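Position in the sequence shown counted from 1, then plus 2, gives you the working numbering. Following: one structure in C-alpha cells, then a few remarks.
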Amino acid sequence: MKAVPQPRPKKNFKQLFVNVCQKAIDSYKTDWEGKKISGFKISDRVIVGNEKQPMSLTCAFRWSDTKAIEASNAKLHAAMPQMMNEQMVQDGEQFGKKMEKIAAEMGAAAEAGDFEKMKELQLVAEKMGKEQEKVFSAHENSFYQKVGELTAKDAYLEVRFLANNFGFDITNAKSGKLATGQFFYRTGNGEMQGEKWVEGTTIVPLGKGWQKDTDEDYTSFSLTYPDNFKHTRAYSLVIKVEGEQKRANEFLESLPWSEFEKLFK
3 MKAVPQPRPK KNFKQLFVNV CQKAIDSYKT DWEGKKISGF KISDRVIVGN
53 EKQPMSLTCA FRWSDTKAIE ASNAKLHAAM PQMMNEQMVQ DGEQFGKKME
103 KIAAEMGAAA EAGDFEKMKE LQLVAEKMGK EQEKVFSAHE NSFYQKVGEL
153 TAKDAYLEVR FLANNFGFDI TNAKSGKLAT GQFFYRTGNG EMQGEKWVEG
203 TTIVPLGKGW QKDTDEDYTS FSLTYPDNFK HTRAYSLVIK VEGEQKRANE
253 FLESLPWSEF EKLFK
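This is the structure we're talking about:
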C-alpha cells in the first residue's frame, strides 16, 4: 500500500478523534489496569485510495482486573493435574498403541502387495479414529467445563470507538436504552471460547439514518454512505464495549456524550 503525506485538515481531524476518545476513556473511573490497544498514534502519512470513502478511524482501550485474573490463573495451574484426568491419558495411550499395530500391519500388507488387506486395515483405522474422536470430545468438553468454572468472569472491559463505520451484525442481538437515553444493541452474555472467557458486547451507534435490515438468518444495522462527503468529519460513530453488561452500561453512562458531537461538525 502506497502512503503519502497527509494534508493538515485530515491530520487535525484524526487528532480531534483521538482527543475525544481519550476524554471518553478518562471519564470512566476504575482501579483496574488500563492499556491502549490501537489508534492513539497519529501518522504523518495517509494510504492512497482512502479518499474514495469517509475516513475510517479506530481507537481501542482495555481495562483488566489483574488481581482477579492472576488469582484465577493460579487456581487453574493448581487444578490442571486433576483436570488432565488419568482416564484421558490411558485412552490416548491405548489408541496410540492400536494405531501403531495397524500401521505395522498395513506396512506388511504393502510389502506383500496385498492391497485388499490394506483397504480392510484402512477402514478399521478410520472406524477407530471416529470412535476415538468421540471419546476425546467427551474428555475435551469436561476439561473446558472445568476451565470455565475456574476462569475469572467480569475481569476485563474493552472499548472500541469506530468513526465512519457504516454497519454491524445484530443477529440475535437484544436492544435497549441506557439511563442517559442512548439506544444500544447487546450481543452475547459471556461464554467460553476454547480456553478463553469472552464477555458479551454492547454496541451504541451514533449518527443519522441508521436502518435495520434482515436477510434470512442475518440481521444488520447499517447506514448509507453519504453521496458527498468530507474527510474531516464523522458521519457515524459506533461504540463497542465488550464486558459484563452492567459494567459495560456503567462505562457508557459515564461518557461525556457532548464531546462526540464535535466529530460530526
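C-beta atoms are modelled at their ideal positions from N, C-alpha and C, and glycine is treated no differently. Source: prediction; values computed, not measured.
The three-state secondary structure of Tyr-146, taken from DSSP, is helix.
Two segments are said to touch when three or more pairs of C-beta atoms, one from each, lie closer than 8 angstroms; by this definition the region 69 to 88 does not touch the region 115 to 132. Here Gly-178 is bridged, per DSSP, to Phe-186. The criterion of a C-beta distance shorter than 8 angstroms is not satisfied by Phe-231 and Val-206.
Relative to the Cα of Ile-39, the nearest Cα in the group Ser-66, Gln-17, Lys-13 belongs to Ser-66. Rounded to the nearest angstrom, the gap between the Cα atoms of Ala-140 and Gly-150 is 15 angstroms. Judged by beta-carbon spacing, Gly-192 lies beyond the 8 angstroms limit of Gly-178, meaning their Cβ atoms are not closer than that value. If you draw a straight line from the Cα of Lys-77 to the Cα of Ala-70, it comes to about 11 angstroms. Only residues of its own chain outside the window of five on either side were considered, and among them Val-22, Lys-25, Ala-26 have a CB closer than 8 angstroms to the CB of Glu-261, listed in chain order. Within the model, the alpha-carbon separation for Glu-263 versus Asn-143 is close to 48 angstroms.
Rounded to whole angstroms, Glu-135 and Thr-60 show a C-alpha spacing of 42 angstroms. Annotated as distal: Phe-19 and Leu-180, with beta-carbon spacing of 8 angstroms or more.
Taking C-beta separations shorter than 7 angstroms and ignoring five residues to either side along the sequence, the partners of Thr-32 in its chain run Trp-65, following chain order.
When DSSP states are grouped into helix, strand and coil, Ala-106 belongs to the helix group. Leu-254 and Gly-245 have their alpha carbons spaced roughly 11 angstroms apart. Bridge pairing for Leu-164: Thr-60, Val-240 [DSSP]. Between Lys-12 and Thr-234, the beta carbon gap of about 6 angstroms places them in contact (Cβ cut-off 8 angstroms). The beta carbon of Ser-29 is closer than 8 angstroms to those of Ser-256, Leu-257, Pro-258 in its chain, skipping five residues each way along the sequence.
In this structure Asn-167 is buried. Its beta-carbon is surrounded by 16 or more other beta-carbon atoms within 10 angstroms. Looking only at Ala-165, Arg-249, Lys-248, Lys-210, the smallest Cα-Cα distance to Ala-236 is reached by Ala-165. Taking C-beta atoms under 8 angstroms as the contact rule, Trp-199 and Lys-155 qualify, at a distance of about 6 angstroms.
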